[in-house]
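Novice:
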Amino acid sequence: MGDTSSGISSLLSALSGVSVPSSDQLTTRCPTQLVLSRASTFSETVRLVRFRSNGGTDEEGETDTGEEGEKLTHLDDVPCAITKLTQKLIDEGQYISDDQTVIEMSGFDMPNLTLTDLPGFVRTVGDHEDHSIIAKVRQMINRYMQQEQTVIIAVVPANVDMNNSEILQAAQEAGPNGTRTIAVVTKVDLVDAGAELAVHELLLNREKKMHLGYHAVKRRSQRDLSKRMSIERGLAVEKVFFGEHEYWRRLPTHLWGVPRLSERLMSILQDNIRRSLPKVVEEISSRMTETQKSLAKLGTPLETPVAQLQQFGKWVDSYLRLIEAAMSGRYEALPSSSTPIASDQFSTPADMDVRLRAVLRIKEANFQVAINKSKDCVFGDADAKKDHEQVAVGGAVQIEIDGQYRSGRVKGINGTDICCEEYDQQWKSKDHWRFDERAMLKKFIRENRGDELPIFTSYQAFCSLFRTTVDKWGQPTDTLVSAYRLQTKLVSDFVSEEVGENLELCSFSEVLRPM
Numbered sequence: 001m002g003d004t005s006s007g008i009s010s011l012l013s014a015l016s017g018v019s020v021p022s023s024d025q026l027t028t029r030c031p032t033q034l035v036l037s038r039a040s041t042f043s044e045t046v047r048l049v050r051f052r053s054n055g056g057t058d059e060e061g062e063t064d065t066g067e068e069g070e071k072l073t074h075l076d077d078v079p080c081a082i083t084k085l086t087q088k089l090i091d092e093g094q095y096i097s098d099d100q101t102v103i104e105m106s107g108f109d110m111p112n113l114t115l116t117d118l119p120g121f122v123r124t125v126g127d128h129e130d131h132s133i134i135a136k137v138r139q140m141i142n143r144y145m146q147q148e149q150t151v152i153i154a155v156v157p158a159n160v161d162m163n164n165s166e167i168l169q170a171a172q173e174a175g176p177n178g179t180r181t182i183a184v185v186t187k188v189d190l191v192d193a194g195a196e197l198a199v200h201e202l203l204l205n206r207e208k209k210m211h212l213g214y215h216a217v218k219r220r221s222q223r224d225l226s227k228r229m230s231i232e233r234g235l236a237v238e239k240v241f242f243g244e245h246e247y248w249r250r251l252p253t254h255l256w257g258v259p260r261l262s263e264r265l266m267s268i269l270q271d272n273i274r275r276s277l278p279k280v281v282e283e284i285s286s287r288m289t290e291t292q293k294s295l296a297k298l299g300t301p302l303e304t305p306v307a308q309l310q311q312f313g314k315w316v317d318s319y320l321r322l323i324e325a326a327m328s329g330r331y332e333a334l335p336s337s338s339t340p341i342a343s344d345q346f347s348t349p350a351d352m353d354v355r356l357r358a359v360l361r362i363k364e365a366n367f368q369v370a371i372n373k374s375k376d377c378v379f380g381d382a383d384a385k386k387d388h389e390q391v392a393v394g395g396a397v398q399i400e401i402d403g404q405y406r407s408g409r410v411k412g413i414n415g416t417d418i419c420c421e422e423y424d425q426q427w428k429s430k431d432h433w434r435f436d437e438r439a440m441l442k443k444f445i446r447e448n449r450g451d452e453l454p455i456f457t458s459y460q461a462f463c464s465l466f467r468t469t470v471d472k473w474g475q476p477t478d479t480l481v482s483a484y485r486l487q488t489k490l491v492s493d494f495v496s497e498e499v500g501e502n503l504e505l506c507s508f509s510e511v512l513r514p515m
């Protein structure tokens, strides 16, 4: 890890013996992981592993997409394969990606080691580049450095001010004790004359001290890469440089060169493993305990179709029994965890009232209220809701005569007293008359009479009235049906979960798998 163009990819190539693309521009656009393992025969594959994120939770990590990796036959094929996958990310619009290029290699002379090359820190971008990549690269590097099993190789060029190195600061934040961070100083051949002493003191860990110290390397320059200098040739040139340089030859041999760096890294990795092993063992033990508990809940293995059907039958019987109890109001038969609440409104499953019949009765009562309101709206006279002071000549009213209310039309008004022409102009006070709320309905029936008997209503008029009434039931009915479906689904899901836990069932996929 380090700044852009600090020699990270070139160092990775030297450590692994595998060439990776490198240039003087930003070339590493995504994490590149080298998984090396010892085997009797050579094999090599390159594939892309997608990254998934759940808001920084423990579920965050890489996910294999299932894409078949490209099999390679020679080490020289690696740069081309990496370039192809990088171009795929660019075509997807990803200038910097959290997706990971994984190179799996095995061979007789391969160590059991995993190396990861990350994009270098970006301090500035071009005019037409996305400024968000600066923060994205920093976040990606931090995510890898936070992994306690990771050894951090902080790559810093020798020709820059070490006190302003972003990678050294980030590494210290990730591991304050410094037990898993080693600083690798590159480009020592580019140190200005007269500045060697400061770098020499740094490499001897006398300045800006680090727990694991520093290590110097000279990697292939961009000119060397353009001339296709091999990794082996680069190692030879490095050995000559440190062995013959008038200043760097004074540096102790264990502090320079890729071969010695490999030895130091292996030693650091072993120490880190020893420190991390107790925690890893504890984590494995904890997960095994959780897995064994989950396994115990599955009950006896259902290895035959008959056993599977029998177990499924038990589940169905228990499910139907509990659903019937919820529907019929026998709530004492429900699981004790189904604590009812006062309100019939549920925002989350935890608030759910599994007393299905009781909840539905409340919904049905609301439905009945809505139906009753709709009846008052069918051919109802707006005058029915007026005050007595709002009476007008010609209005439809009912006046009390001999203890019975009879319909009529207002002819005269005196305050709240009225008289109707139909009843000899008898004046009635407001206590003995009321608005006729069925006047429009009566008028509709009169205007649509046919050849039916006097005491019967026209069939066509009845159908029209019925249709008008039922049309107003649509919204209350939809509300009731939705409430039925929602509440029944909530109770069904709750019962299914309770049955699964209490009966220690195996998974339904096991029970229902093809026989």
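First residue of the sequence shown: 1, per UniProt numbering; consecutive thereafter.
Idealized CB from N, CA, C, for every residue including glycine.
1. Is it right to say residue 311 is buried, meaning 16 or more other beta carbons lie within 10 angstroms of its own, or is it exposed?
2. Can you list, in chain order, the residues of its chain whose CB lies under 7 Å from that of residue 508, leaving out five sequence neighbours each side?
3. Let's test the definition: count the other Cβ atoms within 10 Å of the Cβ of residue 259 and tell me whether it reaches 16, buried, or not, exposed.
4. Going straight from the alpha carbon of residue 218 to that of residue 246, what length do you get?
5. With DSSP run on the structure shown, which of helix, strand or coil describes residue 95?
6. Whose C-alpha, out of 390, 132, 8, is nearest the C-alpha of residue 152?
7. For residue 416, which of 405, 429, 409, 422 has the nearest alpha-carbon?
8. Would you mind reading off the limits of the alpha helix (DSSP H) that contains residue 289?
9. Quick check on DSSP: helix, strand or coil for residue 454?
10. Would you decide whether residue 176 is buried or exposed? Buried here means 16 or more other CB atoms lie within 10 Å of its CB.
11. With a threshold of 16 other CB atoms inside 10 Å of the CB of residue 119, please say whether the residue is buried or exposed.
12. Using only the alpha-carbon positions, how far apart do residue 200 and residue 172 sit?
13. Roughly how many angstroms lie between the CA atoms of residue 85 and residue 499, to the nearest whole one?
14. Using only the alpha-carbon positions, how far apart do residue 399 and residue 458 sit?
15. For chain C, check one thing: does any of its Cβ atoms lie closer than 8 Å to the Cβ of residue 416?
16. Where does residue 216 fall in DSSP's three states?
17. For the beta strand (DSSP E) that contains residue 177, what are its first and last residues?
18. Looking at C-beta atoms only, is the number of pairs between the region 199-214 and the region 284-293 that lie closer than 8 Å three or more?
19. Tell me where the alpha helix (DSSP H) around residue 112 begins and ends.
20. Just to confirm the assignment, what range does the beta strand (DSSP E) spanning residue 305 have?
21. Give the list of continuous alpha helix (DSSP H) stretches no shorter than 4 residues that lie fully inside the region 139-177.
22. Give a yes or no on contact between the region 45-53 and the region 121-133, applying the rule of three or more CB pairs nearer than 8 Å.
23. Please check the pair residue 155 and residue 141, which I expect to be a contact at CB under 8 Å, by giving their CB distance rounded to whole angstroms.
24. Take the Cβ of residue 39 as the centre, count every other Cβ of all protein chains shown within 10 Å, and call the residue buried at 16 or more, exposed below.
25. Is the region 356-364 close to the region 480-493, with three or more CB pairs under 8 Å?
26. Would you mind sorting residue 519 into buried or exposed? The rule is 16 or more other CB atoms within 10 Å of its CB.
27. Taking just the CA atoms, how far does residue 280 sit from residue 496?
28. Could you give the DSSP three-state label for residue 191: helix, strand or coil?
29. Return the CA-CA distance between residue 354 and residue 29, expressed in angstroms with no decimal places.
30. Thinking just about the alpha-carbon of each residue, which of 191, 267, 109 is nearest to the one in residue 182?
31. For residue 211, I'd like the list of residues in its chain whose CB is within less than 8 Å of its CB, leaving aside the five on either flank, ordered along the chain.
32. What is the DSSP secondary structure of residue 66, reduced to helix, strand or coil?
33. Thinking C-alpha only, which one of 106, 216, 301, 263 is nearest residue 238?
34. Thinking C-alpha only, which one of 227, 231, 367 is nearest residue 482?
35. What did DSSP end up calling residue 419 once you bin it into helix, strand or coil?
36. With DSSP collapsed to three states, give me the class of residue 405.
Specialist: So, from the listed chains and residues:
1. Here residue 311 is buried, its C-beta having at least 16 other C-beta atoms within 10 Å.
2. Its pLDDT being 43, under 50, residue 508 is placed unreliably in this model, and the value from its coordinates should be taken loosely. Taking C-beta separations shorter than 7 Å and ignoring five residues to either side along the sequence, residue 508 has no partners in its chain.
3. Exposed, by the Cβ-count rule.
4. One C-alpha to the other measures close to 15 Å.
5. In the structure shown, residue 95 sits in coil (DSSP, three-state: anything other than H, G, I, E or B).
6. Of the listed residues, the one whose Cα sits closest to residue 152 is 8.
7. When 405, 429, 409, 422 are compared, the shortest CA-CA separation from residue 416 is found for 429.
8. For residue 289, the enclosing alpha helix (DSSP H) stretches over residues 258-297.
9. Reduced to three states, the DSSP call for residue 454 is coil.
10. Flag for residue 176 reads exposed.
11. Here residue 119 is buried: its Cβ has 16 or more other Cβ atoms, across all protein chains shown, within 10 Å.
12. Going from the Cα of residue 200 to the Cα of residue 172 covers about 22 Å.
13. For residue 85 and residue 499, the distance between alpha carbons rounds to 48 Å.
14. In this model, residue 399 and residue 458 are separated by some 27 Å (Cα to Cα).
15. Protein chains in the displayed structure number just one, and chain C is not present.
16. In this structure, DSSP gives residue 216 an extended state, which the three-state scheme calls strand.
17. Annotation: residue 177 is outside any beta strand (DSSP E) and is labelled neither H nor E by DSSP.
18. No, the region 199-214 is not in contact with the region 284-293.
19. For residue 112, there is no enclosing alpha helix (DSSP H), as DSSP gives it neither H nor E.
20. Unbroken run through residue 305 is the alpha helix (DSSP H), 305-328; no beta strand (DSSP E).
21. The alpha helix (DSSP H) runs lying completely inside the region 139-177 and spanning 4 residues or more are 166-174, given in chain order.
22. No: fewer than three Cβ pairs fall under 8 Å.
23. That pair is no contact at about 12 Å.
24. It counts as exposed.
25. Touching, yes.
26. Past the boundaries of the shown model lies residue 519; the chain is included only from 1 to 515, so the question cannot be answered.
27. Across the structure, residue 496 and residue 280 are spaced so that their CA atoms are roughly 36 Å apart.
28. Three-state result, residue 191: coil.
29. In this structure, the CA atom of residue 354 is about 53 Å from the CA atom of residue 29.
30. It is 267 whose Cα lies nearest to the Cα of residue 182.
31. Cβ neighbours of residue 211 within its own chain (closer than 8 Å, five residues either side excluded): 177, 178, 179, 181.
32. Confidence at residue 66 is low in this model, with a pLDDT of 49, below 50, so its placement is unreliable and no value can be given for it.
33. It is 216 whose Cα lies nearest to the Cα of residue 238.
34. When only C-alpha atoms are compared, the closest one is 367.
35. Residue state, collapsed to three classes: strand.
36. In this structure, DSSP gives residue 405 an extended state, which the three-state scheme calls strand.
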